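In my numbering, the protein residues as written are 53 to 304. Take a look at the structure set out below.
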Amino acid sequence: MKFGGLARADRTLVQSIFDSAVSDNLDKSIKLSVAESREQQSLIEHAREQALHIVSELVEAISDETLEEGQLPSDLLDELLLEVVDESDDEDNTHFDLIVGAVSDLLESLDVDESVIAEVFGEDVEASDAAIESVVNTLIANLPDAGDELDEFVREFIYGEPEEESDFDAAKPGSTKIRKVSGKSVVYRGTFAIRKGKKVVVNKRLPNQKVRLTAKQKGALKKARLKSHTANAIKTRLKSFKKGQKLGIYKR
53 MKFGGLARAD RTLVQSIFDS AVSDNLDKSI KLSVAESREQ QSLIEHAREQ
103 ALHIVSELVE AISDETLEEG QLPSDLLDEL LLEVVDESDD EDNTHFDLIV
153 GAVSDLLESL DVDESVIAEV FGEDVEASDA AIESVVNTLI ANLPDAGDEL
203 DEFVREFIYG EPEEESDFDA AKPGSTKIRK VSGKSVVYRG TFAIRKGKKV
253 VVNKRLPNQK VRLTAKQKGA LKKARLKSHT ANAIKTRLKS FKKGQKLGIY
303 KR
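Right, here's the structure in full:
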C-alpha cells in the first residue's frame with residue numbers, strides 16, 4: 053500500500069503514460085488521415101486524367117465519323133471504359149465507378165445537363181446513343197480554344213475545381229450570345245440550371261449547329277491524354293488503397 057507523495061507520483065506516472073499513449077495514437081491517426089487523404093486525391097487525379105482520355109477519344113471518333121461499321125456510340129464508350137478498367141481486379145466495381153464518376157464530372161464541367169449524363173450511362177441503348185451524340189456537340193461547342201485556355205481547363209479539371217461555371221460569360225435568361233467555334237458562329241441562349249445546389253445561368257447551344265474539333269484542339273487534347281503506363285498506375289494505386297483498408301491502415 054502506498055501513501056502520500058508516492059501514491060501521487062504513481063498516479064502522475066500512470067497519467068503521463070496514458071497521455072503519451074493517447075498523444076501517440078492521435079499522431080498516428082492524424083498521419084493516417086493525411087496519408088489516406090493524399091492517396092484518395094491521387095486516385096481522383098488519375099481517374100480524371102483517364103476521363104480526359106476517354107472523352108477526347110469519344111469526341112474525336114464521333115465528330116470525325118470514324119466509328120467502325122456497325123459500331124454504336126455506346127459501344128465505343130463501353131470499349132474505352134473497359135480499356136482502363138481491369139475487371140479481374142475490380143470485383144466490387146470501385147475502379148469502374150471512380151472512372152464513370154470522373155467522366156460525369158468532366159461532362160458537367162462543360163455544361164452537359166445531368167439528365168443527359170444519366171442517359172449516357174443508362175440501360176436504354178438508343179437513348180444512350182442519342183445522348184452521346186448530343187454530348188459530343190455540346191463538348192465541342194463549349195471546349196476552350198487550344199492554347200492557354202485549354203491547358204488551364206485541363207489543369208483545373210485534374211487538380212482542382214474551376215471558379216467559373218462557364219468559359220465565357222453567360223447570357224441573361226432568354227437572351228442569346230454568339231461565339232466563334234471552329235471558325236463558325238455558334239448561337240447560345242442563356243438558361244437557368246442547377247449547379248452544385250445553386251441556381252445559375254448557363255449558355256446552351258441552340259440545335260442544328262454542326263461543329264467539329266479544330267486541328268489545334270485535337271492536338272491539345274492528345275497532349276492531355278494519358279500515356280499507356282498511366283492506366284497501370286491507377287490500378288496499382290487502387291490496389292494499394294484497398295490493401296490498406298483491409299489492413300486497417302485506411303478507414304472505410
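Glycine included, every Cβ here is placed at the ideal spot set by N, Cα and C. The model shown is predicted, which means the values in this text are computed figures rather than measured ones.
Between the alpha carbons of Glu160 and Glu166 lies a distance of about 7 Å. Taking the Cα of Leu124 as reference, the smallest distance to any Cα among Thr190, Glu204, Gly199, Ile184 is reached at Ile184.
Less than 8 Å separates the beta-carbon of Ala103 from that of Ala154. DSSP places Val152 in the uninterrupted alpha helix (DSSP H) bounded by 146 to 161.
Distance from the CA of Leu132 to the CA of Glu109, rounded to the nearest whole angstrom, comes to 8 Å.
Sorting Val164, Ala182, Arg207, Glu178 by C-alpha distance to the C-alpha of Asn194 places Val164 at the top. In this structure, Leu158 is the residue among Ser180, Val187, Leu158, Ala179 with its C-alpha nearest to the C-alpha of Arg207. Between Leu128 and Leu119, the gap from beta carbon to beta carbon is short of 8 Å.
In this structure, DSSP gives Asp130 a helical state, which the three-state scheme calls helix. Under the three-state reduction of DSSP, Glu175 is assigned to coil, being neither helix nor strand.
Per DSSP, reduced to three states, the secondary structure at Val137 is coil, with no helix or strand assignment.
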